[in-house]
Structure formats: C-alpha cells, structure tokens
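Asker:
2 protein chains.
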Amino acid sequence: MNFEHHIQSIEKSLANWEIPQESKNLVEPIRYLLSLGGKRIRPVLTLLGHELFNGNPEQVISQALAVEVFHNFSLMHDDIMDNAPLRRGKQTVHEKWNVNAAVLSGDGMMILSYDLLLKNQEDKFVELFRCFNQTAWEVCVGQQMDMDFEKREDVSLDEYLEMIRLKTAVLLGCALRLGAIAANASKEDQEHLRLFGEHLGLSFQLRDDYLDAYGDPEKFGKQVGGDIISDKKTYLYLHTANHEDESIPAELKSLHGNSDDPNAKITSTLHLFSKSKADAMTLAKSEAFYESALDHLNAISVSDDKKMALRNLASFLLERES
Amino acid sequence: MNFEHHIQSIEKSLANWEIPQESKNLVEPIRYLLSLGGKRIRPVLTLLGHELFNGNPEQVISQALAVEVFHNFSLMHDDIMDNAPLRRGKQTVHEKWNVNAAVLSGDGMMILSYDLLLKNQEDKFVELFRCFNQTAWEVCVGQQMDMDFEKREDVSLDEYLEMIRLKTAVLLGCALRLGAIAANASKEDQEHLRLFGEHLGLSFQLRDDYLDAYGDPEKFGKQVGGDIISDKKTYLYLHTANHEDESIPAELKSLHGNSDDPNAKITSTLHLFSKSKADAMTLAKSEAFYESALDHLNAISVSDDKKMALRNLASFLLERES
Numbered sequence: 006m007n008f009e010h011h012i013q014s015i016e017k018s019l020a021n022w023e024i025p026q027e028s029k030n031l032v033e034p035i036r037y038l039l040s041l042g043g044k045r046i047r048p049v050l051t052l053l054g055h056e057l058f059n060g061n062p063e064q065v066i067s068q069a070l071a072v073e074v075f076h077n078f079s080l081m082h083d084d085i086m087d088n089a090p091l092r093r094g095k096q097t098v099h100e101k102w103n104v105n106a107a108v109l110s111g112d113g114m115m116i117l118s119y120d121l122l123l124k125n126q127e128d129k130f131v132e133l134f135r136c137f138n139q140t141a142w143e144v145c146v147g148q149q150m151d152m153d154f155e156k157r158e159d160v161s162l163d164e165y166l167e168m169i170r171l172k173t174a175v176l177l178g179c180a181l182r183l184g185a186i187a188a189n190a191s192k193e194d195q196e197h198l199r200l201f202g203e204h205l206g207l208s209f210q211l212r213d214d215y216l217d218a219y220g221d222p223e224k225f226g227k228q229v230g231g232d233i234i235s236d237k238k239t240y241l242y243l244h245t246a247n248h249e250d251e252s253i254p255a256e257l258k259s260l261h262g263n264s265d266d267p268n269a270k271i272t273s274t275l276h277l278f279s280k281s282k283a284d285a286m287t288l289a290k291s292e293a294f295y296e297s298a299l300d301h302l303n304a305i306s307v308s309d310d311k312k313m314a315l316r317n318l319a320s321f322l323l324e325r326e327s
Numbered sequence: 006m007n008f009e010h011h012i013q014s015i016e017k018s019l020a021n022w023e024i025p026q027e028s029k030n031l032v033e034p035i036r037y038l039l040s041l042g043g044k045r046i047r048p049v050l051t052l053l054g055h056e057l058f059n060g061n062p063e064q065v066i067s068q069a070l071a072v073e074v075f076h077n078f079s080l081m082h083d084d085i086m087d088n089a090p091l092r093r094g095k096q097t098v099h100e101k102w103n104v105n106a107a108v109l110s111g112d113g114m115m116i117l118s119y120d121l122l123l124k125n126q127e128d129k130f131v132e133l134f135r136c137f138n139q140t141a142w143e144v145c146v147g148q149q150m151d152m153d154f155e156k157r158e159d160v161s162l163d164e165y166l167e168m169i170r171l172k173t174a175v176l177l178g179c180a181l182r183l184g185a186i187a188a189n190a191s192k193e194d195q196e197h198l199r200l201f202g203e204h205l206g207l208s209f210q211l212r213d214d215y216l217d218a219y220g221d222p223e224k225f226g227k228q229v230g231g232d233i234i235s236d237k238k239t240y241l242y243l244h245t246a247n248h249e250d251e252s253i254p255a256e257l258k259s260l261h262g263n264s265d266d267p268n269a270k271i272t273s274t275l276h277l278f279s280k281s282k283a284d285a286m287t288l289a290k291s292e293a294f295y296e297s298a299l300d301h302l303n304a305i306s307v308s309d310d311k312k313m314a315l316r317n318l319a320s321f322l323l324e325r326e327s
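Chains U and P are the protein sequences, given in the same order.
Using our numbering, the letters of the first sequence correspond one by one to residues 6 to 327.
Using our numbering, the letters of the second sequence correspond one by one to residues 6 to 327.
1) So which of Phe130/U, Gly42/U, His82/U and Ala141/U has the shortest CA-CA distance to Asn105/P?
2) State the Cα-Cα distance for the pair Leu337/P and Glu132/P, rounded to the nearest angstrom.
3) May I ask you to report which of helix, strand or coil DSSP gives Arg92/U?
4) Please determine if the stretch 225–245 of chain P and the stretch 193–206 of chain P are in contact, where contact requires at least 3 C-beta pairs separated by less than 8 Å.
5) For Glu326/U, I'd like the list of residues in its chain whose CB is within less than 6 Å of its CB, leaving aside the five on either flank, ordered along the chain.
6) Using 8 Å as the cut-off, can you tell me whether the stretch 116–127 of chain U makes contact with the stretch 59–71 of chain U, which would need three or more C-beta pairs spanning the two stretches below that distance?
7) Is the beta carbon of Asp194/U less than 7 Å from the beta carbon of Lys172/U?
8) Report the three-state DSSP secondary structure of Glu56/U (helix, strand or coil).
9) Need the endpoints of the alpha helix (DSSP H) that Trp102/P sits in, please.
10) May I have the straight-line CA-CA distance separating Val307/P from Ser161/P, to the nearest angstrom?
11) Relative to the alpha-carbon of Ile35/U, which residue among Phe78/U, Ile46/U and Ala283/U has its alpha-carbon at the smallest distance?
12) At a Cβ threshold of 7 Å, is Gly113/P touching chain U?
13) At a Cβ threshold of 7 Å, is Glu326/U touching chain P?
14) Is the Cβ of Trp22/U closer than 7 Å to any Cβ of chain P?
15) Alpha carbons only, please: which of Ala218/U, Pro48/U and Ser14/U is nearest the one belonging to Asn268/U?
16) Contact check, Gln149/P vs Asn30/U under 8 Å by CB: the rounded distance?
17) Of all Cβ atoms in chain P, is any one closer than 7 Å to the Cβ of Cys145/U?
18) Closer than 7 Å by beta-carbon distance: list the chain P residues that pair up with Leu31/U, in chain order.
19) So with Cβ pairs under 7 Å, would you call Val49/U a contact of chain P?
20) Answer with buried or exposed for Gln126/U, where buried requires no fewer than 16 other C-beta atoms within 10 angstroms of its C-beta.
21) Please report how far the alpha carbon of Ser191/P lies from the alpha carbon of Leu57/P, in whole angstroms.
22) Ends of the alpha helix (DSSP H) at Pro62/P?
23) Just to make sure I have the definition right: I need the residues of chain U whose C-beta is within less than 8 Å of the C-beta of Phe130/P. Which are they?
24) Going by the beta-carbon positions, is the gap between Val1/P and Ser28/U smaller than 7 Å?
25) Since Asp153/P meets chain U, which of its residues come closer than 7 Å, beta carbon to beta carbon?
26) I'd like the span of the alpha helix (DSSP H) that includes Phe8/P, first residue to last.
27) What are the boundary residues of the alpha helix (DSSP H) that includes His76/U?
28) At 9 Å on the CB atoms, spell out the chain U contacts of Pro34/P, in chain order.
29) Please tell me whether Lys270/U and Leu257/U are closer than 7 Å, where the distance is taken between their beta carbons.
30) Anything in chain U within Cβ reach of Ile85/P, meaning under 7 Å, just list it in chain order.
31) Have a look at Ile253/P and Leu241/P and give me their C-alpha separation to the nearest angstrom.
32) Which of helix, strand or coil does DSSP assign to Ala298/U?
33) What does Asn125/U reach in chain P if we use C-beta pairs closer than 7 Å?
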C-alpha cells in the first residue's frame, strides 16, 4: 500500500514518544496497550488528510499520535466495561494488571493525548481542540448508547446507526479533519473530508457486522458467529428483529439467551437473517455509505490525483479489489 | 466570609451549565455527583486569583467550573479505585449505579471540563490548557503514588509530601493560576500565586492528617481515628514508622492490620504517635507550609489590600481565628 511509509513513521514516533516518567506503574499499562499494535488507520488518516492539502506530514505526526492514543484510551476503558479478557489476542490491561490500573492509566492516556494534540500546532490549537474534544464526547455517548442497547429490546435501525456513528465513525472523520485543519483547508473541504471518514467508518462497521456472521473463517480475524452467540444487537440482528412478518422476530427472540448448542443457534439465526433479507440489506447499507464516502471525497476542491491515497485506503479498509 | 457571593455565583453557573443532553445515562451521574456539594474551594480560588489582578470574575467563571468539574471527575474515579461506598455522606456513583457508569461518566466529565476551560478564553487558551493539562497528569501521578504506597512499607516522609502535593495541592495552585493567566498577570506573579495555592494545599492536608487522629469529634466531619483503623499511611504514621528508636516502628507495625478492638488500636497508636512526637511534627510541618504560602502571597506585586480575600480564604481553610 502507498501508506506503508506513514505507518512506519507512526510506529517510530510512538516508540520515541516521551511520556513523563514520574510514575512507572501509571505508564507501563499505556506502553503495553500501544505495543499491541493494530492497523494504525486513524493516525494514517490524519497524515493523509494533511497531505491532501499539500501539508508536510511531519508537522502533524503529533496530532496523528493524539488520535491513536485517544483511541487506545477508549479501548482500555471499553474493555473494563465489556469485561473483555483479550485485546488483539493479548490480555487486556484490567486482566494483566487490575481494574484500578486500567481506570487510572486510561485517564492518564486521555490527558496525554491532549498534550500530543497541542505539540507543534499552537496557532491552530483552538480549532484542533474543538474538533478533538467534541469527538471525544461523542465517542463516550456512543459507548453509553451501546451499553444502553444491551438492556433494550426496542432498538431501531436508525438508533443503531447513530450508535456506531458515534462510537466508531466520528473518530475517523475527526482524524482526517485534524490533518485538514492544520493544512489550512477551507471549512467546506474540512467538512467533506470529515464526512468521507465518518461514512467510511459506518460502511466498515456494517461490513464487519456482515462478516461476523457470513465471513470466511480463514480470512476473518475473529470467530465467525461470535456476535450471534453473544446475542449482540448488530444491524443484521436488528433488521431481523424489526421485520414486519412478526413470526420472524418472535423466532429470533426465542433463540436469544440460548447457549446449549452454539452451532445450532448460529445456523438457525443465519436462516432467519436470510429469510428477512438482513444479509443483503446490511451489505447494501454498507455499500451506500461507501459510495457516499467517495462522493464526499470527490467533492473536495483538490485535484483528483491527490485523492488516490485516500481512495486506496478506503478500498483497503473495505477489502476491495479496486 | 467575603467570598460567599463567589460561591453563589459558582452554584448558579453549575446549575445553569448546559451539558450536551444526547445521553441521559451518561449525564445523570455527572449531575448527581456535582449536586452533592462540597466547599467549592477550587473554583473560588480561580475567581479570587483573577480578581487579585483586577480581572472581572464573570470572565473566568467557566474556567472556575472547569476546575470543579475536573476535581469531581477525579473523585468519581478515585472512589472506584478506593472502593468507597460514600462521598459527602451519599452513595458514590459506582454504588448508586455501577462501576461502568462511574468509569464512563467520569471520562465524559473530564472531556466536559476541557470544554469549560476554553469558553470565553480562546485567546488565552494555549496557556490555560498547558497549566490545566499538566496538573491533570500530576493528579493522576499522585493517585498512582497513593495506590503504590498501600503496598509499600518503606515510604519516606518526602515521598508522602510529594504524593499529597500531586494528588491534592497542585490543583489548588492551578485553580489560582488559571485566574491569574486570564488576568494577564506576569509569569512571576503567576508562579507565586500557584505556590501559595500548592503550599496551602499541603498545609491543609497535613492538618487533616492531624485532625483525623486528634480532632474534636464534634467539629471534625469524618470519624476521628478513621485513618488509624484503616492503616492509612499518613504523615503521622510515616513519621512514627520512620522513627530512629526502632522499638517505636516495631510496635506500630505490630498494630497494623489488627482490627479486633478498634478503640484499643486507636489508643495504642496515638500513644506511639505522641511518643515519636509525630503530632507536634505534623502540626509544625503544616504550619511551615502555611507560612510559606503566605510568603508567596506577600511576594505578589499587587497592593496588600487586594490580597485580603485570599488571606481570609487561607484562614478559613485552616480554621484559624485570624
């Protein structure tokens, strides 16, 4: 991919990042979580968003790290809330240390992400900060909605889309926009770029919902059917649960909570998903957001060749051939 | 007191504070914790720090709230870590809701405190932010040290002073300095004002350690002897534990963990405190910080009559006659 050099630059900067070292026990969980890797999509977006408007990526490497560190802070705290034992195949912080360590190191991580946001960008800081802080709040609201949905049986598809927009997609939009702000892009271009990222995030999340149920176990990184087994209210599930033919939602709910025979549960649920056309609808919705994302990218007032890197990233994220 | 009108102004602003209302479940714990009251010392300090340099307190009311909201965020998360059932005599957030609510609403609270810090002060924001964010990190380091100390038997008095400086005192210094920054005070005056707050905080905390053991149960808000029963490593304890006559530390440690007869434990511990002169030393140390705080206040380049409100606040905090 033509953004491999950006990933290397991010990894190098993360490794060289000097965290105030007053407190070994506060900093170790931060270093640990960041060392577990990940695709570093968000910081790459900041660098690409900056390059799109002829910015030099070195000038926003710290802002790119701010987004990655914030993202990892949210993972550290989400893993507490989800009681998750593993993150990227390794122990979560609250498992390896304890809940207190994950709470406090997460807090520290959020604070450090703001420091990174300021570095080398004092002149633009108010604008960068407004974008970053609003997004930070939205990510919290998204996580709250996700937790609320677990206890609700009447979640609509629109509410679900709003939840994944806030929990996942807005940070992609913010990452891009930070790069654009630092490169003096117009408000209109900033907004198109932000929506490119947000809609790409929505498209990605819906495709992830689809692949969790229908993906190739060889290619999909997680256990196929995992969402079904854990009764997760995905787009597939909610489409089926809100189906007008009432026998379908009734049958779906009868499988809910059932854990005697996971394979039978997966098979029966997939049958209901197909019967309600949830599979096709989920893919179509993902595709629609993908197209909308590209429309926003196309609308940005820079020459088309400069958009190639972001188009490639979009294809890469959605695992497309072109 | 001559800062009663400031407290009223803070209470009014807190009540009128518009939190983005996308998420009822995220915001309710925030409103709840803030409604439990408290002395609102920190926001008053911001207003007084601003007035000292002829600033109009209305201009920094939002920064004053930022400090109070940040302080309450740290309480919400500290209460999780300390497994505390009560805060200001009412249920803590993690008790009234659950740990997840306290984690996420705390995160949201921290994010909102940054929003408050920006409001009406865009021109000064970088400077305000640097002060606020460095303090935020220090408060986390202080909390980490406090947790680390629970598992250590070799804590020195200097380490203890550094812990309470970070965990408690720096935020008082920051609160004052924010007011001074917004009023265009010189760097030198900012620094004296910050140290006035920090040393006042240290003096207060040491006096609190003393009163927990020797206070009048009628006047002291908490259970007298509470620190002794819970084996807390206060200044009194550490002074005694580090005493050169080795029989004293040995006897103190033999009482550690003992919970059969709380009253006997308190009596025996107080006897050891007195024997090692920990009581007098703690009061003397508190007094020294108080004097140093006043020295820093005196050194500020504004006329003496303008300093009266801060002197009164210092007396009030340390419950002095003059």
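Where a beta carbon is used, it is the ideal one built from N, C-alpha and C, also for glycine.
Answerer: So, to answer that:
1) Mapped onto the second sequence, residue 105/P falls at position 100. Nearest C-alpha to Asn105/P: His82/U.
2) For residue 337/P there is no data in the structure shown, the boundaries of chain P being 6 and 327.
3) Your numbering for residue 92/U matches position 87 in the first sequence. Arg92/U falls in the strand class under three-state DSSP.
4) no
5) Here residue 326/U refers to the residue found at position 321 when the first sequence is read from its first residue. Because Glu326/U carries a pLDDT of 49, less than 50, the predicted location of this residue cannot be relied on, and no value is offered for it.
6) yes
7) Reading the first sequence from its first residue, position 189 is the one you call residue 194/U. Reading the first sequence from its first residue, position 167 is the one you call residue 172/U. In this structure, Lys172/U does not lie closer than 7 Å to Asp194/U by Cβ.
8) Here residue 56/U corresponds to residue number 51 of the first sequence, with the count starting at 1. Here Glu56/U sits in helix by DSSP.
9) Locating residue 102/P in the second sequence gives position 97, counting from the first residue. That residue, Trp102/P, is in no alpha helix (DSSP H); it is neither H nor E in DSSP.
10) As a position in the second sequence, residue 307/P is number 302, starting the count at 1. As a position in the second sequence, residue 161/P is number 156, starting the count at 1. Each residue's Cα considered, the two are about 38 Å apart.
11) Along the first sequence, read from residue 1 onward, the residue named residue 35/U stands at position 30. Cα-wise, what sits closest to Ile35/U is Phe78/U.
12) Along the second sequence, one-based indexing puts residue 113/P at 108. Yes, because at least one Cβ of chain U sits closer than 7 Å to the Cβ of Gly113/P.
13) Walking along the first sequence from the start, residue 326/U turns up at place 321. Model confidence at Glu326/U stands at a pLDDT of 49, short of 50, so the residue's coordinates are unreliable and nothing is read from them.
14) Locating residue 22/U in the first sequence gives position 17, counting from the first residue. Closer than 7 Å: no.
15) Counting from one through the first sequence, the residue named residue 268/U turns up at place 263. Cα-wise, what sits closest to Asn268/U is Ala218/U.
16) Taking the second sequence and counting its residues from 1, one reaches residue 149/P at position 144. Taking the first sequence and counting its residues from 1, one reaches residue 30/U at position 25. About 6 Å; that satisfies the 8 Å criterion.
17) As a working mapping, residue 145/U is identified with position 140 in the first sequence. Taking Cβ atoms only, chain P reaches closer than 7 Å to Cys145/U, which makes this a yes.
18) Stepping through the first sequence from its first residue, residue 31/U is reached at position 26. By Cβ distance, chain P contributes Cys145, Val146 and Gln149.
19) Taking the first sequence and counting its residues from 1, the one referred to as residue 49/U is at position 44. Not an interface residue.
20) Position 121 of the first sequence, counted from the first residue, corresponds to residue 126/U. Label assigned to Gln126/U: buried.
21) By one-based count along the second sequence, residue 191/P stands at place 186. By one-based count along the second sequence, residue 57/P stands at place 52. Their Cα atoms are separated by approximately 12 Å.
22) Within the second sequence, residue 62/P is the residue found at index 57, counting from 1. Careful: Pro62/P lies outside any alpha helix (DSSP H) and carries neither H nor E.
23) As a working note, residue 130/P is residue 125 in the second sequence. Correct list: Phe130, Val131 and Phe134.
24) Absent from the model: residue 1/P. The displayed extent of chain P is 6 to 327, so no value can be given.
25) The residue you call residue 153/P lines up with position 148 of the second sequence. Within 7 Å Cβ-Cβ: Asn30.
26) Position 3 of the second sequence, counted from the first residue, corresponds to residue 8/P. Careful: Phe8/P lies outside any alpha helix (DSSP H) and carries neither H nor E.
27) Position 71 of the first sequence holds residue 76/U. From DSSP, the alpha helix (DSSP H) with His76/U extends over Ile66 to Met86.
28) Within the second sequence, the letter at position 29 stands for residue 34/P. Simply none; closest approach about 10 Å.
29) Sequence index remark: in the first sequence, residue 270/U carries index 265 (1-based). Sequence index remark: in the first sequence, residue 257/U carries index 252 (1-based). The answer is no: Cβ separation not under 7 Å.
30) Translated into positions along the second sequence, residue 85/P becomes position 80. In chain order: Val108.
31) Along the second sequence, read from residue 1 onward, the residue named residue 253/P stands at position 248. Along the second sequence, read from residue 1 onward, the residue named residue 241/P stands at position 236. Cα to Cα, the separation comes out at about 13 Å.
32) Translated into the one-based positions of the first sequence, residue 298/U becomes position 293. Ala298/U: helix per DSSP, three-state reduction.
33) For the purposes of this step, residue 125/U is identified with residue 120 of the first sequence, where counting begins at 1. In chain order: nothing, as chain P lies at least about 12 Å away.
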